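A.B. asks: Position 105 (the sequence shown) corresponds to 104 in numbering that gives the first Met the number 0; numbering is contiguous.
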Amino acid sequence: MMTVTDISQRFAISSWQTYRLLQSIRPVLGDLCQSTKGRQLILNPEAIFIVERAIQLNRGGVALKALPERIKAELHRNIEVRPDPDNSVAPQSTKDAPNTEMLELIREQLTTKDQLITKQQQQITELLSQLRDLQEKVPALPVPDGRQESKRIGRWQALRMLITGQ
0 MMTVTDISQR FAISSWQTYR LLQSIRPVLG DLCQSTKGRQ LILNPEAIFI
50 VERAIQLNRG GVALKALPER IKAELHRNIE VRPDPDNSVA PQSTKDAPNT
100 EMLELIREQL TTKDQLITKQ QQQITELLSQ LRDLQEKVPA LPVPDGRQES
150 KRIGRWQALR MLITGQ
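What follows is the structure in structure tokens.
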């Protein structure tokens with residue numbers, strides 16, 4: 000059995016956030032979440048996956064009020080899709096089609112995400128090379144007109160002058 004503090008430490012959230020989350024999804028948890036008067040809220044370890052999904056949804060922007068309906072819908076969808084354990088061969092159902100479409104959508108999103116990551120890494124390397132070039136030019140700048148030779152200018156000031164052309 001897991002307490003609120005155990006769950007909060009496991010998922011790196013505060014005890015208060017954990018308690019509010021458990022109270023919001025308590026209708027979904029049913030007998031897996033127990034509390035008696037004067038005792039802590041106790042969660043059965045079998046329900047940790049439900050709590051983990053609730054935390055993911057909550058971090059994804061789903062409000063606490065909407066969590067029970069969303070999790071119930073996901074649980075019912077998983078139960079409907081799951082094959083019957085009594086049958087050795089699982090029949091192909093029409094409910095598998097949305098899952099394959101969802102998998103394809105996720106794969107497409109992952110490939111676009113990977114492409115964006117590589118593009119951003121290339122941009123970072125280009126910007127770093129430009130920065131190095133500019134930093135090499137900074138010490139070689141001449142003293143600006145109207146200033147005394149003995150007065151030094153800082154690197155940032157020199158860089159600003161180089162960029163603005165003054």
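Where is the CB? At the ideal position from N, CA and C, for every residue including glycine. This one's a predicted model, so the numbers in the text were calculated from it and none came from an experiment.
Going along the chain, which residues of its own chain have a beta-carbon closer than 6 Å to the beta-carbon of LEU63, five neighbours each way excluded?
C.D. replies: So the list reads SER23, once near-sequence residues are dropped.
A.B. asks: With distances taken Cα to Cα, identify the nearest neighbour of GLN16 among VAL3, PRO26, LEU28, VAL27.
C.D. replies: The candidate whose alpha carbon is nearest that of GLN16 is VAL3.
A.B. asks: Quick one: using the 10 Å Cβ neighbour count with 16 as the cut-off for buried, is ALA166 buried or exposed?
C.D. replies: Only positions 0 to 165 of the chain appear in the structure, and residue 166 is not among them; the question remains open.
A.B. asks: Using only the alpha-carbon positions, how far apart do LEU28 and LYS118 sit?
C.D. replies: Cα to Cα, the separation comes out at about 44 Å.
A.B. asks: Whole angstroms are fine: how far does the CA of ASN57 sit from the CA of LEU40?
C.D. replies: LEU40 and ASN57: Cα-Cα distance of roughly 20 Å.
A.B. asks: So the candidates are ILE70, LYS36, ILE12; which of them puts its Cα closest to the Cα of ARG25?
C.D. replies: Measuring from the Cα of ARG25, the nearest candidate turns out to be ILE70.
A.B. asks: Skipping 5 residues on each side, what residues in its chain have a beta carbon closer than 6 Å to that of PHE10?
C.D. replies: So the list reads ILE54, once near-sequence residues are dropped.
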